[in-house]
Amino acid sequence: MTKGAGLEGAARVGGGTTVVADRAVRSLVQNGYCVFRQVLAEPLLSELRTLSERLCAAEPAERRERRLSQGTMLSTMVDPAYAELIAWAPALERLADLGFDAPTFTDGYVISKPPHSPRLFWHYDWFAWGDDSAYEPRPPQVFLMYYLTDTSPGNGCLRVIPGSHLAHNALHDDIGNPHAESLSRAEDLSLPAYSDRPDEVDVPVRAGDLVIGDARMLHAAHANGSDAWRTVITLWFQPDFAALPERVQAQMVRKTHPVPDTWPEAAAGKVRSLNPAYSGSAEAYGRDLYRPRSR
Ligand SMILES: O=C(O)CCC(=O)C(=O)O
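The numbering used here numbers the first residue of the sequence shown as 1351 and each following residue consecutively.
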């Protein structure tokens, strides 16, 4: 199958080589996300769960308070063990099947929602809304989310608003700064950022499934009503870095988490080989460009 086959209006975006990949491309472009089953295998899944739970449990309580809505949040640069997941070949193969064979990686987060913690607020993770490319079908940036335990609405599974990566949604007019500190602190759960939406969809998964989502899509998570921590690792990839406008390329390079010098060369090399590079002089977009009401 040729690139972009059958994707009218989404010309040259992906183009899977299998029925599964084809369906996934269609879902990523039309809905803003797709799910691949059982991509992260044992023993890596259990190793990362044990490591992540240990690191998150060691976080000081006051940092947790600051992020009550998200949960404990650490950069994946906190331990070289995450390099294996960042460069996980089965995931890179899924991206290649979608038509993205030269993706770059900028940053990743270990996010663990404590037992009995509130909802994660509605937000998007894209900030170059002043650039016309933000309104094109090709995803400029995607998350690769690996939940390390099975998820359901009862323990904080992902919620998404299909199509909100491209189409204006009523929520865009209500959330303003989608990463405001007061939202992180879950100060006022009656705000629209925590609301039930008529067009939302739950994305429950099994541990080891891979959710790929467009950074522009509105997403959130249910409250964790269970007695156990619920951990996700979110990795940010640019599926076609070379096709991004230069100001966005500069923005992506600027936000890249540097690999610590202390990492073993094997782990460091895996991540650095995926990091983007930009040598031009375009000014990087800031992180303050929210989606305008009008578009
Ligand atoms: O905690 C979750 O389930 C989702 C995390 C998230 O929205 C993000 O990493 O952008």
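We put the beta carbon where it would ideally sit given N, CA and C, even for glycine.
In whole angstroms, what separates the C-alpha of residue i from that of residue j?
{"i": "phenylalanine 1477", "j": "glutamate 1392", "result": "35 Å"}
{"i": "aspartate 1372", "j": "glycine 1630", "result": "35 Å"}
{"i": "leucine 1390", "j": "histidine 1473", "result": "26 Å"}
{"i": "proline 1503", "j": "tyrosine 1628", "result": "41 Å"}
{"i": "arginine 1509", "j": "proline 1595", "result": "30 Å"}
{"i": "leucine 1401", "j": "leucine 1424", "result": "12 Å"}
{"i": "leucine 1405", "j": "threonine 1422", "result": "9 Å"}
{"i": "serine 1483", "j": "glutamate 1550", "result": "25 Å"}
{"i": "leucine 1568", "j": "isoleucine 1511", "result": "6 Å"}
Return the chain-ordered list of same chain residues with a C-beta closer than 7 Å to the C-beta of residue i, the five sequence neighbours on each side being excluded.
{"i": "proline 1465", "result": "Asn1574, Ser1576, Asp1577, Ala1578 and Trp1579"}
{"i": "glutamine 1420", "result": "Ile1461, Leu1470 and Ser1534"}
{"i": "tyrosine 1432", "result": "Thr1426 and Gly1458"}
For residue i, collect the residues of the same chain with a Cβ closer than 8 Å to its Cβ; drop the 5 residues on either side in sequence, then sort them by chain order.
{"i": "proline 1608", "result": "Met1427"}
{"i": "leucine 1539", "result": "Pro1468 and Arg1469"}
{"i": "glutamate 1633", "result": "Arg1597 and Ala1600"}
{"i": "leucine 1516", "result": "Gly1382, Tyr1485, Pro1487 and Arg1566"}
{"i": "tryptophan 1479", "result": "Leu1639, Tyr1640, Arg1641, Pro1642 and Arg1645"}
If you count every other CB in all the chains shown that lies within 10 Å of the CB of residue i, and 16 or more means buried, which is it?
{"i": "alanine 1407", "result": "exposed"}
{"i": "glycine 1506", "result": "buried"}
{"i": "glutamine 1601", "result": "buried"}
{"i": "proline 1642", "result": "exposed"}
{"i": "aspartate 1559", "result": "buried"}
{"i": "alanine 1361", "result": "Its pLDDT being 35, under 50, alanine 1361 is placed unreliably by the model, and the measurement read from it follows with that caveat. Label assigned to alanine 1361: exposed."}
{"i": "glutamine 1388", "result": "exposed"}
{"i": "alanine 1570", "result": "buried"}
{"i": "serine 1623", "result": "exposed"}
{"i": "glycine 1636", "result": "exposed"}
{"i": "threonine 1606", "result": "buried"}
{"i": "aspartate 1564", "result": "buried"}
{"i": "proline 1548", "result": "exposed"}
{"i": "valine 1379", "result": "buried"}
{"i": "alanine 1617", "result": "buried"}
{"i": "aspartate 1552", "result": "exposed"}
{"i": "serine 1396", "result": "exposed"}
{"i": "lysine 1353", "result": "Summary for lysine 1353: the model assigns pLDDT 38, below 50, so the residue's position carries little reliability; its value from the coordinates is reported in the next sentence. Lysine 1353 comes out exposed."}
{"i": "arginine 1416", "result": "exposed"}
{"i": "alanine 1411", "result": "exposed"}
Can you find the residues in the same chain that come closer than 6 Å, C-beta to C-beta, to residue i, ignoring five residues on each side of it along the sequence?
{"i": "glycine 1356", "result": "Note that glycine 1356 has pLDDT 31, beneath the 50 cutoff, so the model's placement of it is unreliable and no number is given."}
Open item on the list: I want to know whether the segment 1470-1487 touches the segment 1423-1443 - three or more CB-CB distances under 8 Å.
Closed with: At 8 Å Cβ cutoff, the stretches do not touch.
TODO: Pair every Cβ in the segment 1601-1620 with every Cβ in the segment 1524-1538, then say whether three or more of these pairs are closer than 8 Å.
DONE: Contact fails: fewer than three Cβ-Cβ distances are below 8 Å.
- [ ] Taking 8 Å as the threshold, find out whether the segment 1539-1549 comes into contact with the segment 1446-1454 through three or more Cβ pairs.
- [x] Counting Cβ pairs under 8 Å, fewer than three are found: no touch.
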